[in-house]
Amino acid sequence: MNEHVIAYGILQPRPDKVLTLSLSSSGTVGQVWIQAGQRVKKGEQLAEIILSPEAKMQYLQATNAVEYALQQLKRSKRMFEEKLATKADVENATKNLNDNQSTLNALLERNSDQPQEILFSPIDGIVTQLNLVQGQRVQPNDNAMLIASENHIVARVGIEPEDINRIEPNTSVTITPVFDDSVHVNSNITVINAMVNPSTRLIDALIDIPISHAKNLVLGTSIVANFNLAIYKSLAVPNTAILNDANGYFIFTLKDKIAHKIYIKKGSEQSNLIAISGDINAGEKVVILGNYILEDGMLTRDAK
Numbered sequence: 001m002n003e004h005v006i007a008y009g010i011l012q013p014r015p016d017k018v019l020t021l022s023l024s025s026s027g028t029v030g031q032v033w034i035q036a037g038q039r040v041k042k043g044e045q046l047a048e049i050i051l052s053p054e055a056k057m058q059y060l061q062a063t064n065a066v067e068y069a070l071q072q073l074k075r076s077k078r079m080f081e082e083k084l085a086t087k088a089d090v091e092n093a094t095k096n097l098n099d100n101q102s103t104l105n106a107l108l109e110r111n112s113d114q115p116q117e118i119l120f121s122p123i124d125g126i127v128t129q130l131n132l133v134q135g136q137r138v139q140p141n142d143n144a145m146l147i148a149s150e151n152h153i154v155a156r157v158g159i160e161p162e163d164i165n166r167i168e169p170n171t172s173v174t175i176t177p178v179f180d181d182s183v184h185v186n187s188n189i190t191v192i193n194a195m196v197n198p199s200t201r202l203i204d205a206l207i208d209i210p211i212s213h214a215k216n217l218v219l220g221t222s223i224v225a226n227f228n229l230a231i232y233k234s235l236a237v238p239n240t241a242i243l244n245d246a247n248g249y250f251i252f253t254l255k256d257k258i259a260h261k262i263y264i265k266k267g268s269e270q271s272n273l274i275a276i277s278g279d280i281n282a283g284e285k286v287v288i289l290g291n292y293i294l295e296d297g298m299l300t301r302d303a304k
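Under this note's numbering, the letters of the sequence shown match residues 1 to 304, in that order.
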């Protein structure tokens, strides 16, 4: 039997492959050409921000400040040549010009000299979060949207705390979508958190999805993760053979057509077989159908 642990989770973007697009100027949201969940290409137009009057005024003030600082520097140099100003006066005027030019350059990088700012996608990816609505007022450094790389996906799963010591980084795992068991993705666990998630009471773990499979999977898909642990020998019975009551799990064995109730401990499940341990030996007959009507010591007969 293969010992394994089952966990459930969801496909998400790899955290280090999600980019945040922030706004550089204040203004009003004009056109929004995309929506959350949409796949976008590098360089594609995403949204338009119409700059506010305040942003335009800030640019004009910075332009005027540079022009004034330039004139002051020329004046200081002329006066220095005429022995009417010191070298320190020229250095201060030079510094003032450089400071104002830096401010203007920063505004130019924000396209403050234009009537609007256009956001473009920096990568091929998927818009996982959109915070813009047409007509909305926005400020510099507002988070406009998140874009995740479409080729870097992880499965985030929750592991029962009692199972966590059986799983190590790089443990092999098979990922299967809950609603499509024809798809099987083999990978290895990459990150195991060191604390219980207070929302789920489980321990979160991340599993990288190979790029060759990522393009065929959809973010948000619910998945089952089957962690492959040690291979061991064990008695096993079909899952239909196992019943339970207030005292635990049990099976019925047959000896001389007499049913015997045997309490057992369940182990791993593989291909509809469940590993068991208890007061039972290999080769004993086990009831797998109709066992729910049996009682300990009941006489049985073979099915016709």
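The beta-carbon is built from N, C-alpha and C at its ideal position, and this holds for glycine as well.
This one's a predicted model, so the numbers in the text were calculated from it and none came from an experiment.
Could you give the first and the last residue of the continuous alpha helix (DSSP H) run that contains residue i?
| i | result |
| --- | --- |
| A88 | 87-109 |
| I211 | 211-214 |
Helix, strand or coil: how does DSSP classify residue i here?
| i | result |
| --- | --- |
| M195 | strand |
| H260 | strand |
| V66 | helix |
| L289 | coil |
| K265 | strand |
| R39 | strand |
Have a look at the DSSP bridge pairing and note the partners of residue i.
| i | result |
| --- | --- |
| Y8 | G158, V224 |
| N143 | S22 |
| R78 | For R78, which the question treats as bridged, DSSP gives no partner whatsoever. |
Measure the CB-CB distance between residue i and residue j and report whether it falls below 8 Å.
| i | j | result |
| --- | --- | --- |
| G9 | A155 | yes |
| K265 | I274 | no |
| P198 | S25 | no |
| L132 | V29 | yes |
| L206 | R166 | no |
| N100 | A62 | yes |
| I288 | A241 | yes |
| I159 | V5 | yes |
| N143 | S222 | no |
Is any heavy atom in the ligand HEM found nearer than 7 Å to the beta carbon of residue i?
| i | result |
| --- | --- |
| G9 | No copy of the ligand HEM appears in this structure; indeed no ligand is present at all. |
Since residue i and residue j should fall inside the 8 Å C-beta cutoff, what is the C-beta to C-beta distance between them, to a whole number of angstroms?
| i | j | result |
| --- | --- | --- |
| I203 | S187 | I203 to S187, Cβ: 18 Å. No contact. |
| L51 | G27 | 4 Å |
| T310 | L146 | It is not possible to answer for residue 310, since the shown part of the chain is limited to 1 through 304. |
| I293 | G278 | With a Cβ gap of about 22 Å, I293 and G278 do not count as contacting. |
Taking the beta strand (DSSP E) that residue i falls in, what are its first and last residues?
| i | result |
| --- | --- |
| N244 | 243-245 |
| G27 | 27-32 |
| A282 | Run containing A282: none; DSSP gives neither H nor E here. |
| L130 | 125-130 |
| S277 | 273-278 |
| G255 | Residue 255 is actually Lys in this sequence, not Gly. Its beta strand (DSSP E) spans residues 248-255. |
| P177 | 172-177 |
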